[in-house]
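> Residue numbers (my numbering): 593 to 982. Glycine is no exception: its CB is placed at the ideal position from the N, C-alpha and C atoms. The structure displayed is predicted, hence computed values, not measured ones.
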């Protein structure tokens with residue numbers, strides 16, 4: 593007999609009933625140090641007091657009214673994101689996939705409005721992951737996500753990761769935009785260099801196409817800047833955000849410069865739940881903390897400590913870990929044994945992590961971790977590696 597919950601997830605046999613700070617507590621009372629962060633979502637940990645207060649207060653006032661009416665907290669969150677970023681305008685939706693798909697729609701509409709309806713194709717990179725809608729699995733281009741869901745949605749051309757020459761050669765008269773993750777998450781925590789991102793910006797300008805950055809996972813402080821592209825000193829035309837923006841509450845956002853943003857006129861795009869009062873209250877509460885003076889500096893400092901300790905682990909256990917990749921508190925451990933075996937061993941030791949492509953174990957802890965949490969995680973990883981070495 594089929595389960596009442598569809599079997600599209602391979603779930604671990606653990607159920608959590610409480611979260612507090614950087615810890616999750618299972619129904620049997622076992623405590624886990626959460627370095628998976630709900631897949632890079634709980635950027636401020638579990639049940640952060642400021643987020644709980646904001647959500648509770650809003651829940652007692654108004655949950656939903658739809659975008660047929662003014663939503664003051666939505667305007668406030670948009671204004672704050674604009675003030676803190678490259679963007680001139682923001683549209684809110686519900687998830688990362690929707691944010692990226694909105695970005696692609698915006699790019700197509702912009703090109704059409706500019707008199708180039710033939711420009712509809714988007715160039716993406718091998719190993720990309722942009723979400724699970726039919727269009728976004730086509731954008732990602734990974735066979736494991738496409739299998740059985742054909743025909744593949746047209747409009748995406750894929751090039752090798754970290755290869756600007758190949759991307760340049762792929763630009764044609766039908767190209768509308770380049771779509772890039774500054775650090776590939778599902779693809780194996782592979783970070784693009786500052787020079788690559790600068791080159792992509794120059795390439796987009798040269799050919800009159802838009803640069804879209806998928807910062808669903810890298811945004812909201814994950815790499816030590818509000819958005820990862822800031823490290824390269826460039827600005828995209830459009831950016832997709834989600835995950836950390838809600839700290840655990842479902843929020844998606846598409847940020848854009850005035851040109852492409854102006855393409856979304858009344859009735860051209862929409863979302864029933866996107867930007868509702870509950871989501872906006874939490875999003876503003878997240879920014880209250882992340883944009884506070886010194887917060888990202890502290891996150892950067894703890895990230896450097898984590899990287900240093902992980903590099904020592906990799907040196908001491910070369911038969912388990914080949915190396916480290918990523919940026920800030922988005923770290924990948926390249927494994928020698930299967931990454932799923934490593935994830936299971938770490939879970940057994942009380943540390944939650946997430947598998948990624950390229951046989952990588954992903955560490956995406958809350959941005960609020962302290963030295964003691966790094967020490968605790970390293971002790972678990974070291975013990976697990978020793979057992980896997982044996």
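For residue 624, write down the residues that DSSP places opposite it in a beta bridge.
According to DSSP, residue 624 bridges with 616.
> Should the region 942-955 be regarded as contacting the region 621-639, the criterion being three or more beta carbon pairs within less than 8 Å?
yes
> Expressed to the nearest angstrom, what Euclidean distance is found between the alpha-carbon atoms of residue 920 and residue 949?
Those two C-alpha atoms are separated by around 19 Å.
> Within this structure, are the beta carbons of residue 897 and residue 963 separated by less than 8 Å?
yes
> Among the residues of its own chain, which have a CB less than 7 Å from the CB of residue 929, if the five just before and after it don't count?
Only 912, 980 meet the Cβ criterion.
> Nearest-angstrom Cα distance between residue 633 and residue 807?
12 Å
> Measuring only the C-alpha atoms, how far is residue 670 from residue 798?
30 Å
> Quick check: the region 814-824 against the region 661-669, are there 3 or more CB pairs under 8 Å?
Segments in contact, no.
> Does the distance from the C-beta atom of residue 731 to that of residue 748 stay below 8 Å?
Residue 731 is a Cβ neighbour of residue 748, given a cutoff of 8 Å.
> Would you report the Cα separation of residue 677 and residue 827, rounded to the nearest angstrom?
9 Å
> Three or more beta-carbon pairs under 8 Å between the region 677-696 and the region 645-658, yes or no?
The answer is no - the region 645-658 does not touch the region 677-696, with fewer than three Cβ pairs under 8 Å.
> Measure from the alpha carbon of residue 849 to the alpha carbon of each residue in 820, 861, 875, 804, then state which is nearest.
Nearest option by C-alpha distance: 804.
> Counting pairs of beta carbons, one from the region 697-716 and one from the region 732-748, are three or more of them closer than 8 Å?
yes
> Checking 8 Å against the spacing of the C-beta atoms, do residue 927 and residue 698 come in under that value?
Against a cut-off of 8 Å, the Cβ pair of residue 698 and residue 927 comes out as no contact.
> DSSP has residue 806 in a bridge; who is on the other side?
832
> Please go through the region 891-960 and give each complete beta strand (DSSP E) segment of 3 or more residues, from N-terminal end onward.
913-919, 922-927, 946-948, 952-955
> For residue 728, which residues from the same chain have a beta carbon less than 8 Å from its beta carbon, with the 5 sequence-adjacent residues on both sides left out?
689, 692, 693, 722
> What does the alpha-carbon distance come out to for the pair residue 616 and residue 635?
14 Å
> What three-state label does DSSP hand residue 749 in the structure shown?
The answer is strand: DSSP assigns residue 749 an E or B state.
> If the criterion is Cβ atoms closer than 8 Å, does the pair residue 656 and residue 869 meet it?
yes
> Can the beta-carbon of residue 961 be found less than 8 Å from the beta-carbon of residue 901?
no
> May I have the straight-line CA-CA distance separating residue 800 from residue 724, to the nearest angstrom?
29 Å
> With residue 870 as the anchor, note down where its alpha helix (DSSP H) starts and where it stops.
For residue 870, the enclosing alpha helix (DSSP H) begins and ends at 869-882.
> For residue 877 and residue 643, which I take to be in contact (beta-carbon distance under 8 Å), what is that distance rounded to the nearest angstrom?
5 Å
> Which word fits residue 788, buried or exposed, when buried means at least 16 other C-beta atoms lie within 10 angstroms of its C-beta?
buried
> Less than 8 Å between C-beta atoms, sequence neighbours within five positions excluded: which residues of the same chain meet that for residue 709?
703
> Taking the beta carbon of residue 774 as the centre, do at least 16 other beta carbons fall within 10 Å, making it buried, or is it exposed?
The residue in question, residue 774, is buried, as its Cβ has 16 or more Cβ neighbours within 10 Å.
> Let me know the secondary structure DSSP gives residue 638 once reduced to three states.
strand
> Could you check whether residue 931 and residue 908 sit closer than 8 Å to each other, using their CB atoms as the reference points?
no
> Can you tell me the Cα-Cα spacing of residue 839 and residue 645, whole angstroms?
Rounded to the nearest angstrom, the two C-alpha atoms are 13 Å apart.
> Where in the region 720-750 do unbroken runs of the alpha helix (DSSP H), each at least 4 residues long, occur, reported from the N-terminal end onward?
726-732, 735-738
> So, helix, strand or coil for residue 966, using DSSP?
Residue 966: helix per DSSP, three-state reduction.
> Nearest-angstrom Cα distance between residue 601 and residue 674?
Cα to Cα, the separation comes out at about 36 Å.
> What is the DSSP secondary structure of residue 665, reduced to helix, strand or coil?
helix
> If distances are taken between C-alpha atoms only, which option among 837, 836, 933, 844 comes closest to residue 684?
844
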